[in-house]
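Just so you know, the sequences run in chain order A and B.
The numbers in our numbering rise by one with no breaks, and the one at position 39 of the first sequence is 39.
The numbers in our numbering rise by one with no breaks, and the one at position 8 of the second sequence is 285.
Every residue, glycine too, gets a C-beta built ideally from N, C-alpha and C.
Please read these numbers as outputs of a predicted model, since none were measured by experiment.
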Amino acid sequence: MFDSRPIGFKIFFIVFFVILAIFVFFPLYWMFNTSLKQAADIFDYRFIPRNITLGNFVDVVTNTKVPLFMKNSLIVAGSSCILATFISAYAGYSFSKFKYRGRRLLMLLFLSAQLFPYAILLLTIYQIINFAGLRDSYLSLVLAYITFTLPIGTLTLKNYFDQIPNSIIESGKIDGAGTLRIMHSLIFPISLPGLAVIAIYSFIWAWNDVLYSLTLITSSEKRTLAPGLILTYFGEFQSSWNSMMTAAILVSIPVAVIFILSQKMFIQGLTSGAVKG
Amino acid sequence: MKTVSGTNRYALKESRIGLLLAVPALIVFSLVVLYPFVNSIIMSFTDRSLLRRGFSWVGIQNYVKIFSDPNFPQVLKNTAVFVLLGTLLPFFGGLIWAILLNQSFRSSGILRGITLVCWIIPSTAIGFIWMWIFHGHYGILNHIFITLGISSQNIVWLGRPDTALYSVVAAKTWQTLPFAMAFILGALQAVNLETIESARIDGAGNLRVFWYVVLPEIQNVLTMLILLMVIGSIQHFDLLWVMTEGGPARATTTLSIEVYNKAFLSFRLGEAASVGTIWTGILMVFGYFYLRRKTD
């Protein structure tokens with residue numbers, strides 16, 4: 001896009017490339033570096049560790065509860081992702097293909113919901129969860145996480161469904177299919193990239209959440225990642241920085257893999273929204 | 278006539294099916310978003326507590342208390358600093374990083390990919406990484422600073438009221454920069470290259486191309502991005518909580534930390550709700566511009 005020959009641009013490029021590359025990549029490198037060190041070496045600042053070991057990974061997997069926290073997070077993030085995607089898909093389809101009174105108002109409400117502070121919602125959600133006797137249950141988190149995804153999911157999928165020509169729906173009707181049948185066997189299959197974006201988005205959000213999981217889960221057996229890690233490493237394993245960096249890598253792997261595998265779909269789903277064929 | 282009423286009845290039935298499809302979303306939305314929002318605002322006029330059942334109405338007493346709290350201006354100031362720096366730094370960093378990585382050179386694709394991975398690392402893990410970098414005794418930053426002669430002794434970055442907030446801002450910048458980069462990269466790739474070519478033939482240099490051709494084309498995306506980032510950092514809780522828990526001496530207590538502390542550490546839900554309501558008011562100012570752009 002820019003002419004890279006002028007000396008001014010070369011200087012600009014090199015200076016900022018060095019600054020930003022160090023800023024962006026060094027912390028990542030330092031995390032890996034520390035995770036490969038033995039406890040005795042973590043205060044050794046060598047760029048390449050002296051005695052490289054995978055012992056920290058074995059240790060975190062066998063001696064800490066990190067695998068349990070990951071399992072719990074997987075259950076919660078997985079369920080809330082499936083639930084949120086389906087509910088958003090139905091509502092998005094409804095907003096997109098049907099006209100009824102109050103539809104525009106509902107859409108505006110969903111849009112403004114992105115602006116409600118999560119902490120203020122939590123004050124009441126906490127009471128509802130207590131009232132329903134759901135405190136310290138996976139279900140409480142699944143319900144709470146829907147607050148993150150439902151509004152944006154519904155609106156994104158509405159825009160996505162808007163791109164699908166009505167003729168596809170009409171042809172389904174001619175074949176005698178009902179609305180549900182048309183959605184499940186015609187619309188959803190061709191909307192997979194859009195649905196995937198919402199599913200991935202809600203999974204990553206649930207996996208990463210700190211605020212809700214810190215508050216709604218109280219027993220150590222049900223703790224999800226964020227509170228689990230915080231309580232483990234600010235308590236029992238305080239200052240085991242090599243172990244902390246190892247845990248940081250382990251909990252990032254699932255979301256990183258999902259993200260890398262779906263990057264293409266993710267970008268396609270976000271940008272085009274168009275249906276081919 | 279018969280056919281007309283037939284289609285009407287059909288249309289009515291259709292719209293009813295449409296509404297039915299939205300019902301699960303509406304129920305969940307009311308339960309976990311709308312009702313909590315309204316109820317929390319109402320709660321700000323009560324003395325509700327987590328320690329006992331029941332409550333009484335106290336009017337605007339909670340608000341009076343907050344505004345006469347000598348610590349509250351600091352909370353607002355912390356929030357302002359966090360939002361301002363936590364938006365501008367990742368924005369300009371992301372903008373420049375996007376411009377650099379948009380120049381196709383060897384490995385620019387891989388660098389883009391790795392940058393994006395930083396974005397989805399869980400906040401807790403990001404907090405850990407930066408706590409380790411900023412560690413007061415063994416952190417690599419202190420080591421580098423002392424080796425280069427920038428400072429003569431270890432600085433307890435996260436333990437000092439004058440450095441803690443900026444340290445968390447650094448972590449927040451690291452977390453958000455990839456998001457800004459991805460957003461801007463998308464916009465840059467949509468810029469019409471032919472316009473750039475013709476500007477260049479007319480003798481425009483890089484700065485002029487950027488200022489007069491590229492910037493006007495990506496302006497809308499940039500505005501949207503800034504609004505999203507402002508809203509995101511006003512909401513931000515994770516890194517502030519993981520890295521400093523709002524301390525030391527409330528130096529990193531922003532509005533979100535304040536609400537959490539009041540509600541779940543002091544158990545005063547009513548007061549927490551009033552801070553939350555003030556916060557919502559501030560958020561809505563930016564929200565208005567966001568909504569106006571979104572609904573255009």
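Look up residue i in the DSSP assignment and give the residues it is bridged to.
i	result
TRP334 of chain B	B:THR323
By Cβ distance below 8 Å, which residues in the same chain neighbour residue i in space, the five residues on each side in sequence not counted?
i	result
MET278 of chain B	Low confidence applies here, because MET278 of chain B scores a pLDDT of 39, under 50, leaving its location unreliable and the question unanswered by this model.
VAL491 of chain B	LEU465, VAL468, ILE473
ILE169 of chain A	LYS97, ILE182, LEU186, ILE187
PHE563 of chain B	LEU504, VAL507, ILE508, ILE511
GLY283 of chain B	Because GLY283 of chain B carries a pLDDT of 46, less than 50, the predicted location of this residue cannot be relied on, and no value is offered for it.
ASN51 of chain A	LYS37, GLN38, ASP41
Under 8 Å, Cβ to Cβ, is there at least one residue of chain A near residue i?
i	result
TRP451 of chain B	yes
GLU471 of chain B	no
LYS279 of chain B	Unreliable positioning characterises LYS279 of chain B in this predicted model, as indicated by a pLDDT of 41, which lies under 50. A coordinate reading is not provided.
LYS354 of chain B	no
GLY564 of chain B	yes
GLY363 of chain B	no
VAL394 of chain B	yes
ALA375 of chain B	no
GLU291 of chain B	yes
ALA299 of chain B	yes
SER579 of chain B	Chain B is shown only over 278 to 573; residue 579 of chain B falls outside these bounds and no answer can be derived.
LEU372 of chain B	no
TYR415 of chain B	yes
GLY480 of chain B	no
Since residue i and residue j should fall inside the 8 Å C-beta cutoff, what is the C-beta to C-beta distance between them, to a whole number of angstroms?
i	j	result
GLU548 of chain B	ASN339 of chain B	5 Å
PRO399 of chain B	VAL251 of chain A	6 Å
VAL433 of chain B	THR529 of chain B	About 14 Å separates the two Cβ atoms, so there is no contact after all.
GLY482 of chain B	PRO6 of chain A	7 Å
ALA119 of chain A	PHE514 of chain B	6 Å
VAL536 of chain B	GLY553 of chain B	5 Å
TYR90 of chain A	PRO301 of chain B	6 Å
Hey, is residue i's beta-carbon within less than 8 Å of any beta-carbon in chain B?
i	result
PRO117 of chain A	yes
MET70 of chain A	no
TYR201 of chain A	no
VAL18 of chain A	no
VAL61 of chain A	no
TRP205 of chain A	no
PHE2 of chain A	yes
MET244 of chain A	yes
ASN56 of chain A	no
SER171 of chain A	no
TYR138 of chain A	no
MET31 of chain A	yes
TYR90 of chain A	yes
ALA77 of chain A	no
Counting only the same chain and skipping the five closest in sequence on each side, list residues whose C-beta sits under 7 Å from that of residue i.
i	result
PRO49 of chain A	ASN33, LEU36, LYS37, ASP41
ILE217 of chain A	ASP136, LEU141, ARG223, THR224, PRO227
ILE129 of chain A	ARG135, SER140, LEU216
PHE2 of chain A	PHE9
Quick one: what's got a C-beta closer than 6 Å to residue i's C-beta in the same chain, skipping five residues either side?
i	result
PHE225 of chain A	For the sequence presented, residue 225 of chain A should be read as Leu rather than Phe. Within the same chain, LEU225 of chain A has close Cβ partners PHE69, SER73, VAL251.
LEU109 of chain A	none
SER475 of chain B	none
PHE460 of chain B	LEU502
TRP207 of chain A	SER73, ALA77, VAL255
LEU568 of chain B	none
Hey, would you say the C-beta of residue i is under 7 Å away from at least one heavy atom of the ligand GDP?
i	result
LYS65 of chain A	The ligand GDP is absent from the structure shown, which contains no ligands of any kind.
(message) Which residues of the region 514-534 of chain B have a Cβ closer than 7 Å to any Cβ of chain A? Give them in chain order.
(response) Those would be PHE514, ASP515, TRP518, VAL519, SER533, in chain order.
(request) Please list the residues of the region 533-561 of chain B that have a C-beta atom closer than 8 Å to any C-beta atom in chain A, keeping them in chain order. (result) Residues SER533, VAL536, TYR537, ALA540, PHE541, LEU546, ALA549, ALA550, GLY553, THR554, TRP556, THR557, LEU560, MET561.
(message) Can you pull out the residues from the region 305-320 of chain B whose beta carbon lies closer than 9 Å to at least one beta carbon of chain A?
(response) Cβ contacts with chain A come from VAL305, PHE306, LEU308, VAL309, VAL310, LEU311, TYR312, PRO313, PHE314, VAL315, ASN316, SER317, ILE318, MET320.
(request) Report the residues of the region 332-361 of chain B with a CB closer than 8 Å to any CB of chain A, ordered along the chain. (result) Result list empty, no residue passes.
(message) Output needed in chain order: residues of the region 421-433 of chain B with a Cβ under 8 Å from some Cβ in chain A.
(response) Going along the region 421-433 of chain B in chain order, one finds no residue with a Cβ nearer than 8 Å to chain A.
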